[in-house]
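So that you can map any letter, position 158 of the sequence shown is 158 in UniProt numbering, and since no number is skipped, the others follow by simple counting.
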Amino acid sequence: MISAPFHLAGERLLLDPSGALFWPSRHLLVVSDLHLEKGSHFASRGRFVPPYDTRETLARLAPLIRRYTPERIVFLGDSFHDADGAARMHATDRSTLMHLLGNRHITWVLGNHDPVAPDDLPGDAVPEYRDGPLVFRHEGVPTREAGFELSGHFHPKASLPTRCGPVTRPCFLADARRVMLPAFGAFTGGLDITSQPIAALFPRGGRAFLLGKDRLHSAAVGPMRHLAAAQSTGSVNRMADAPLHSL
1 MISAPFHLAG ERLLLDPSGA LFWPSRHLLV VSDLHLEKGS HFASRGRFVP PYDTRETLAR
61 LAPLIRRYTP ERIVFLGDSF HDADGAARMH ATDRSTLMHL LGNRHITWVL GNHDPVAPDD
121 LPGDAVPEYR DGPLVFRHEG VPTREAGFEL SGHFHPKASL PTRCGPVTRP CFLADARRVM
181 LPAFGAFTGG LDITSQPIAA LFPRGGRAFL LGKDRLHSAA VGPMRHLAAA QSTGSVNRMA
241 DAPLHSL
């Protein structure tokens, strides 16, 4: 895995191809939107899907923790798909999660799917978390008062051209004031970065970092106000002409 460095507020951050972010100087790992127990949530409502999303998501989290050996982990909200998700975890999955959390300092930023602290799990549950110049939120705030922000919530994805046609992948989206993380969970979809809720947070554009197998692929994004307008009129996504760079 080859991570991509990105500087925000003078701090060097590493964007990982898995969709996680690592802050080396703080020994801090950030992941967003795990949506654990989404499968069991659907099953409780008569929509039966394979019940392995939690196990698969934790299996993706384990090598990240081995790679970075963080002292702290910040979960950026929607860690569970609903407020009762932690209580529904299979004993094996709960044991795996507890092992991954270990003796680290854990911060659960509360999201719209999990507005209360997870049951019987270590760590602090907070509406938002601040460390030095950075603020960690579930959903980004579209004002300068947002500070230098890390957020999730929208599950950003983007499309870029390849020799075999357009490829759509989850992505980081970043500018000089914020980084939006992709969803980490196994059963999570995505919202195109030209959609209005994301465009509102990036009116001047930025850079998208699409997740690849073992590296990120980046492209500049034009002013998002124009991209959002193009989407609403059915025009072609301007990222289709953006140069693609592997990192």
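We put the beta carbon where it would ideally sit given N, CA and C, even for glycine. In this text, all values refer to a predicted model and were calculated from it rather than measured experimentally.
How many whole angstroms separate the CB atoms of residue i and residue j, which I take to be in contact at a CB cut-off of 8 Å?
| i | j | result |
| --- | --- | --- |
| residue 160 | residue 210 | 6 Å |
| residue 152 | residue 183 | 7 Å |
| residue 201 | residue 9 | So it is not a contact: roughly 17 Å between Cβ atoms. |
| residue 166 | residue 190 | In fact, because the Cβ distance is near 14 Å, the residues do not count as touching under 8 Å. |
| residue 81 | residue 36 | 7 Å |
| residue 127 | residue 101 | 21 Å between Cβ atoms; not a contact. |
| residue 54 | residue 93 | 5 Å |
| residue 158 | residue 208 | 5 Å |
| residue 70 | residue 34 | No, residue 70 and residue 34 are not in contact; Cβ-Cβ is about 16 Å, not under 8 Å. |
Name the DSSP bridge partner or partners of residue i?
| i | result |
| --- | --- |
| residue 106 | 73 |
| residue 180 | 151, 173 |
| residue 11 | 8 |
| residue 221 | 206 |
| residue 192 | 157 |
| residue 168 | 159 |
| residue 125 | 108 |
Along the alpha helix (DSSP H) that carries residue i, what are the first and last residues, could you check?
| i | result |
| --- | --- |
| residue 32 | Careful: residue 32 lies outside any alpha helix (DSSP H) and carries neither H nor E. |
| residue 55 | 53-68 |
| residue 121 | No alpha helix (DSSP H) contains residue 121, which DSSP labels as neither H nor E. |
| residue 95 | 91-101 |
| residue 88 | 85-88 |
| residue 199 | 196-199 |
For residue i, does the count of other Cβ atoms within 10 angstroms reach 16, so buried, or fall short, so exposed?
| i | result |
| --- | --- |
| residue 213 | exposed |
| residue 62 | exposed |
| residue 57 | buried |
| residue 116 | exposed |
| residue 198 | buried |
| residue 154 | buried |
| residue 4 | buried |
| residue 50 | exposed |
| residue 193 | buried |
| residue 138 | buried |
| residue 91 | exposed |
| residue 88 | buried |
| residue 188 | buried |
| residue 52 | exposed |
Along the chain, where does the beta strand (DSSP E) containing residue i start, and where does it finish?
| i | result |
| --- | --- |
| residue 135 | 134-136 |
| residue 159 | 156-160 |
| residue 82 | Premise fails: residue 82 is in no beta strand (DSSP E) and is neither H nor E. |
| residue 130 | 129-131 |
| residue 22 | 21-23 |
Task: Stretch pair the segment 102-112 + the segment 74-90: three plus CB contacts closer than 8 Å - done: Touching, yes.
Open item on the list: Closer than 8 Å is the cut-off here; do at least three beta carbon pairs connect the segment 141-161 with the segment 170-189?
Closed with: Judged by Cβ distances under 8 Å, the segment 141-161 makes contact with the segment 170-189, as three or more pairs qualify.
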